[in-house]
Structure formats: structure tokens, C-alpha cells
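Residue numbers (the UniProt record's numbering): 1 to 395.
Beta carbons are placed, not taken as given, at the ideal position from N, Cα and C, and that holds for glycine.
In this text the structure is predicted, and so the values were computed from the model without any measurement.
Okay, structure first, notes after.
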Amino acid sequence: MALAGETGTAPSTNGAPLRRLSEEGVAIWLDDLSRKRITSGNLAGLIDQQHVVGVTTNPTIFQQAIGDGGDYADQLHDLALRGATVAEAVRVITAADVRDAADILRPAFDATGGRDGWVSIEVDPRFAHGTDATIAEARHLSWLIDRPNVMIKIPATRAGLPAITEVIGMGISVNVTLIFSLERYHEVMDAYLAGLEKAKERGLDLSKIHSVASFFVSRVDTEIDRRLDAVGTQEAKALRGRAAIANARLAYQAYEEVFGSADSSTRSSDRWSALEREGANKQRPLWASTGVKDPAYEDTMYVTELVAPGTVNTMPETTLQAVADHGEITGDTIAGTYARARADLDAVEEMGIPYAAVADALQTEGIRKFQQSWEALLSTVRGARSPRGDSRLNG
Numbered sequence: 001m002a003l004a005g006e007t008g009t010a011p012s013t014n015g016a017p018l019r020r021l022s023e024e025g026v027a028i029w030l031d032d033l034s035r036k037r038i039t040s041g042n043l044a045g046l047i048d049q050q051h052v053v054g055v056t057t058n059p060t061i062f063q064q065a066i067g068d069g070g071d072y073a074d075q076l077h078d079l080a081l082r083g084a085t086v087a088e089a090v091r092v093i094t095a096a097d098v099r100d101a102a103d104i105l106r107p108a109f110d111a112t113g114g115r116d117g118w119v120s121i122e123v124d125p126r127f128a129h130g131t132d133a134t135i136a137e138a139r140h141l142s143w144l145i146d147r148p149n150v151m152i153k154i155p156a157t158r159a160g161l162p163a164i165t166e167v168i169g170m171g172i173s174v175n176v177t178l179i180f181s182l183e184r185y186h187e188v189m190d191a192y193l194a195g196l197e198k199a200k201e202r203g204l205d206l207s208k209i210h211s212v213a214s215f216f217v218s219r220v221d222t223e224i225d226r227r228l229d230a231v232g233t234q235e236a237k238a239l240r241g242r243a244a245i246a247n248a249r250l251a252y253q254a255y256e257e258v259f260g261s262a263d264s265s266t267r268s269s270d271r272w273s274a275l276e277r278e279g280a281n282k283q284r285p286l287w288a289s290t291g292v293k294d295p296a297y298e299d300t301m302y303v304t305e306l307v308a309p310g311t312v313n314t315m316p317e318t319t320l321q322a323v324a325d326h327g328e329i330t331g332d333t334i335a336g337t338y339a340r341a342r343a344d345l346d347a348v349e350e351m352g353i354p355y356a357a358v359a360d361a362l363q364t365e366g367i368r369k370f371q372q373s374w375e376a377l378l379s380t381v382r383g384a385r386s387p388r389g390d391s392r393l394n395g
């Protein structure tokens, strides 16, 4: 996989928009990881020069990384000689990359008291509808990687909600992923607070527990735009590209209602205030799936239109570099937009496009895609031979 800045330097942009984005309170995370990024110095270069303070991964990212390059050949060979199963090999390989990335980001973690410097790794997506299996997988990954700045990604399925509570209650930091609807987001925040309350009962230090709630953005526009195009009226076409940003902005409103606003204009809930007094950290909203899918749209729109303090934006490198090159960061672009955002979603509903059904379909599709990527990853590792051609991993 060809990477920008493989010698350890980031691409030659002035990076001023990324600096301004960071100054507005948006934590910039890279939505990608591979061994080449680590060994070439590319990740370190992005941290040093492009204000990257975190990394997210998912099964698709790892499937592409392992399938595209020979950087894993020696480790695959050693695992084959040991008779490792495919599942064991996948976990060892991915955990090694996440551990190394966490070590590179550790200075940011230490310097910010744990606010920044995180790397996320996903539980096996085949467990998405199994609470107990998800809890067991999260506990295993936390033990296997053994770094304080690693978040375990748990999907926001119905079964995932109690798993989030239990894992947070164990003192393990969590990135809640695949959130599409406002209703589910409220349930995610409730699961986080319940987990903190469990951790408090167990005598754990709440200040060491962190979480983000990953609200997926571009996929909402992709699906709703498709349905608007099917409606075909001028009114429907005028709504294209507006639903995803509206959805995310209303999610930020929901966040403020629970955790309070940065300027104190919105008070936090009593439940959160009690936990905050015990040292708990806010569960920050994270904007995921921020790469623009429709070439008709500005390639930075899911970054520049979602600027607000206390948020995270995880970007594929193409989006990161687009923002660095020509992103226009004009300050907070969420404050004062809630009425318009609600009107946009209501207008979509009036076109006969049911919001709740779209959100459910997107989560189902997201889980299916991750499961397919996981199966492809297993297949890639299963079929991988060492350069010596003398052994295969066991099934």
C-alpha cells in the first residue's frame, strides 16, 4: 500500500486548517492503520506535522492492510510454524499493530492526561448480536494489547448496549461504533453512564475511563440521497447532502443535553454531574465515515460543517490531506443550527423516507460489511504462505 510520507514526513501542505480545527476543540484522528504506516514513520509524521492525536481501525482496514502488502509475511510464517489457528493469527497480528500505534501515540496520551493519544480496535464483528461474547472479547483484547491508551470498539446494537455498560464497568475504555440514529445515541449515552456507575460501585478510578460515541456520517447521505433521487421531485433533490450533517448536529445537541455545553449555556444532567464530581470523563461524540462518497460534494464537508468543541473527527488520509490543503475552518459550525437541522430531517420524512427505518438499515448493513471484511481477513490469513512456501496456518 503506497502511503504519503513513507520516509516519515507528512505531505507538503501547510496544515494550517488542521491546526485551526484542533484549536476549535476537535481531536483529529486517522481512520486507518497498517504496519507500513508504523514502520515507515508515516504515522509519526502525521502526528508531528498534521495534528493527528488518535487512530481508529476496523475489520475492513485490517483486511486491506494485510491483503495488500508483504509486511506481515515473517509474522505469518512464525504463526504457521507454531500451528496457530487463523483466528489466533488475526488477533495476534492486529493486536501487534494496535500496540505499536498506541506506543507511538503514548506521548500525546501522557501530555493530555488521557484525553488524546487513543487507538481503537474492534471486537470480532460476528459477536455483534451477542452480549456475553462481546464482553469476553473486549476483556481479552484489553488484556492482549495491554496499553492504557487503547479503546475497544463495540457496535451500538441492541446486544451491544449492555456489553458497553459492563465493559465500562470493568474500567475498560470503549469506542461505541456504528451509531446512526438519535434514539440509539441516547441509549448509548445511558449505557455509558450506567457503566460509570458500576465502575464507581466497584471502587475503580473513573478518571482513567474514557469513551467516544462514533456517529457515522457520510453513509446517511448515501442512503437518503439514493431515496431522494427515487422520489425525483425538485423538492427532494434540494434535500440531497443535508441529512447527514443535520443528523450529526442533532446528535451534538443530545450530547450537550446530557454532558452540558462548553460555554455552560446548557446545563448537564444531574446524573452526569454526580459522576463528573467523581472524576468521570465526558463521552465525546466522534464523527466517523467522514470521507465524501459523492463527487458532487465538497470533499471536506463532513469536517468543516461539524466543528464544535469536545468532538473527535476520524478521517481517512485522503480527507485529512484535503482539509490540510484547502479546508476552510471558520469556527464552531454546529452552534445555532439545531432548528435548521430538525427542519431538514423533518423534510426528509415528509418525502416519505422514514428516518428510523433508514438508521436501522444502515446499522444492519454496517455490521454485515464488517462481518464480510472479517471473513475476508480470515480467508487472507488462511491462504497466506510464508515466503518460504513451507507451511499454512491451520483453520
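Considering only residues of the same chain and omitting the five flanking positions on each side of residue i, which have a CB-CB separation below 6 angstroms?
| i | result |
| --- | --- |
| Thr165 | Ala191, Ala194, Gly195 |
| Thr7 | With a pLDDT of only 37 at Thr7, under 50, the local geometry of the prediction cannot be trusted, and the value read off the model is given with reservation. Answer for Thr7: no residue qualifies. |
| Ser269 | Val258 |
| residue 465 | Nothing about residue 465 can be reported from this structure: the residues present for the chain run from 1 to 395 only. |
| Asp31 | Thr56, Thr314, Met315, Pro316 |
| Lys293 | Ser218, Thr222 |
| Leu43 | Arg37, Ile104 |
| Ala359 | Phe180, Ser181 |
Return the residue from the list the options that minimises the CA-CA distance to residue i.
| i | options | result |
| --- | --- | --- |
| Thr333 | Met351, Ala324, Ile172, Met301 | Met301 |
| Val220 | Gly291, Ala159, Ser142 | Gly291 |
| Lys282 | Phe216, Ala251, Val212 | Val212 |
| Val243 | Arg342, Ala133, Trp118, Gln321 | In the sequence as presented, Val is not what sits at residue 243; that position holds Ala. Nearest of Arg342, Ala133, Trp118, Gln321 to Ala243, Cα basis: Arg342. |
| Gly114 | Ile66, Gly279, Gln253 | Gly279 |
| Arg19 | Gln321, Val358, Arg202, Ile353 | Gln321 |
| Leu141 | Arg158, Phe109, Phe370, Val90 | Val90 |
| Gly336 | Arg368, Asp299, Asp263, Gln234 | Asp263 |
Return the chain-ordered list of same chain residues with a C-beta closer than 8 angstroms to the C-beta of residue i, the five sequence neighbours on each side being excluded.
| i | result |
| --- | --- |
| Leu21 | Ile28, His51, Val303, Val307, Asn313, Val323, Gly327, Ile329 |
| Ser379 | none |
| Ile135 | Ala163, Glu166, Val167 |
Please confirm whether residue i and residue j have their CB atoms less than 8 angstroms apart.
| i | j | result |
| --- | --- | --- |
| Gly260 | Arg249 | no |
| Trp287 | Thr311 | yes |
| Val348 | Leu182 | no |
| Val150 | Ile121 | yes |
| Ser289 | Val217 | yes |
| Ala246 | Met351 | no |
| Leu79 | Val98 | no |
| Val381 | Ile66 | yes |
| Asp116 | Gly54 | yes |
| Tyr338 | Gln253 | yes |
| Ser373 | Thr60 | yes |
Across which residues does DSSP place residue i in a beta bridge pair?
| i | result |
| --- | --- |
| Arg139 | Arg139 is not bridged to any residue. |
| Asn313 | Ile28, Trp287 |
| Phe215 | Ile179, Trp287 |
| Val52 | Ile28 |
| Val381 | Looking at the DSSP assignment, Val381 forms no beta bridge with any residue, so it has no partner. |
| Val150 | Val119 |
Apart from the five residues just before and just after residue i, which ones in its own chain have a Cβ nearer than 7 angstroms to its Cβ?
| i | result |
| --- | --- |
| Met199 | The question names Met, but residue 199 in the sequence shown is Ala. If we look at Ala199 and ignore the five residues flanking it on each side, its Cβ neighbours are Ile168, Gly169, Gly171, Leu206, Ile209. |
| Tyr255 | Pro285 |
| Glu187 | Leu161 |
| Leu377 | Pro59, Phe62, Gln63, Ile66, Val90 |
| Ala133 | Phe127 |
Notebook entry, point to check: Going along the chain, which unbroken runs of the alpha helix (DSSP H) with 4 or more residues stay wholly within the stretch 73-126?
Noted result: 73-81, 86-111
Next item on the list: Could I get the ranges of all uninterrupted beta strand (DSSP E) runs contained in the stretch 152-193, with 3 residues as the minimum, in chain order?
Entry: 174-179
Check: In chain order, which beta strand (DSSP E) runs of at least 3 residues are fully inside the stretch 305-372?
Finding: 311-315
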